[in-house]
Amino acid sequence: MVPSRETPGPVLVIHNRVRMRGASISAVRSVVIEEAVGIAAGVYISDHSHSFDRPDVPIRDQPITEARPVRIGRGAWLGQNVVVMPGVTIGAQAVIGANSVVTRDVPPHTVAVGVPARVVRELVPE
Numbered sequence: 004m005v006p007s008r009e010t011p012g013p014v015l016v017i018h019n020r021v022r023m024r025g026a027s028i029s030a031v032r033s034v035v036i037e038e039a040v041g042i043a044a045g046v047y048i049s050d051h052s053h054s055f056d057r058p059d060v061p062i063r064d065q066p067i068t069e070a071r072p073v074r075i076g077r078g079a080w081l082g083q084n085v086v087v088m089p090g091v092t093i094g095a096q097a098v099i100g101a102n103s104v105v106t107r108d109v110p111p112h113t114v115a116v117g118v119p120a121r122v123v124r125e126l127v128p129e
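Residue numbers (this note's numbering): 4 to 129.
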């Protein structure tokens with residue numbers, strides 16, 4: 004089931020010690036940001052997309068076509084202007100480079116960059 008604007012129950016959970024400045028979050032199903040996450044300016048996180056099949060209807064008034072939960076793991080960092088798409092889980096302590104578009108899950112302790120974001124490095128504790 005895809006929720007509509009009338010369906011109650013979107014969930015936005017932001018845990019303790021999250022630092023966020025000038026970011027946008029749009030939730031119709033579920034967005035969870037775990038503890039100690041850093042979110043830079045211009046980041047956009049959404050758990051849904053809109054249809055755009057009808058050119059006679061404003062996109063914002065068209066039905067939601069995809070609503071899947073998003074989770075940002077403990078201690079992750081999202082660089083400036085990152086976009087997080089529906090259904091994505093970003094693992095604990097992962098780093099997402101500036102201007103990246105995250106379209107699929109990012110494992111914990113990795114660095115992902117690009118459009119679409121791809122893992123380019125593992126972060127190994129010393």
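Quick reminder that beta carbons are idealized off the backbone N, C-alpha and C, glycines included. From a predicted model like this one, the values you see are computed outputs, not experimental measurements.
> With 16 as the cutoff for other CB atoms within 10 Å, does D50 come out buried or exposed?
Replying inline: For the purposes of this step, residue 50 is identified with residue 47 of the sequence shown, where counting begins at 1. Buried, by the Cβ-count rule.
> Under the three-state reduction of DSSP, which class applies to R71: helix, strand or coil?
Replying inline: Start at 1 with the first residue of the sequence shown, and residue 71 comes out as number 68. Note: R71 maps to coil in three-state DSSP.
>> Between the alpha carbons of R124 and V60, how many angstroms are there, rounded?
In response: Here residue 124 refers to the residue found at position 121 of the sequence shown. Here residue 60 refers to the residue found at position 57 of the sequence shown. Between R124 and V60, the C-alpha separation is close to 43 Å.
> Going by the CB atoms, is the gap between I17 and I36 shorter than 8 Å?
Replying inline: Stepping through the sequence shown from its first residue, residue 36 is reached at position 33. Stepping through the sequence shown from its first residue, residue 17 is reached at position 14. Yes. Within cutoff.
> How close, in whole Å, do the beta carbons of S103 and V85 come, if the pair is a contact with beta carbons under 8 Å?
Replying inline: Here the question's residue 103 lines up with position 100 in the sequence shown. Here the question's residue 85 lines up with position 82 in the sequence shown. Contact between S103 and V85 holds, since their C-beta atoms are separated by about 5 Å, short of 8 Å.
>> Give me, in chain order, the residues of the same chain whose beta-carbon lies closer than 7 Å to that of S54; leave out the 5 immediate sequence neighbours on both sides.
In response: For the purposes of this step, residue 54 is identified with residue 51 of the sequence shown, where counting begins at 1. Around S54: Q65, P66 and T68.
> A70: buried (16+ other C-beta within 10 angstroms of its C-beta) or exposed?
Replying inline: Here residue 70 refers to the residue found at position 67 when the sequence shown is read from its first residue. Taking a 10 Å sphere around the C-beta of A70, we find 16 or more other C-beta atoms and assign the residue as buried.
> How would you write the range of the beta strand (DSSP E) that L15 sits in, first residue to last?
Replying inline: The sequence position of residue 15 within the sequence shown is 12, counting from 1. Note, L15: beta strand (DSSP E), V14 to I17.
>> Checking the sheet assignment: what are the DSSP bridge partners for H51?
In response: Locating residue 51 in the sequence shown gives position 48, where the first residue counts as 1. Paired residue(s): A70.
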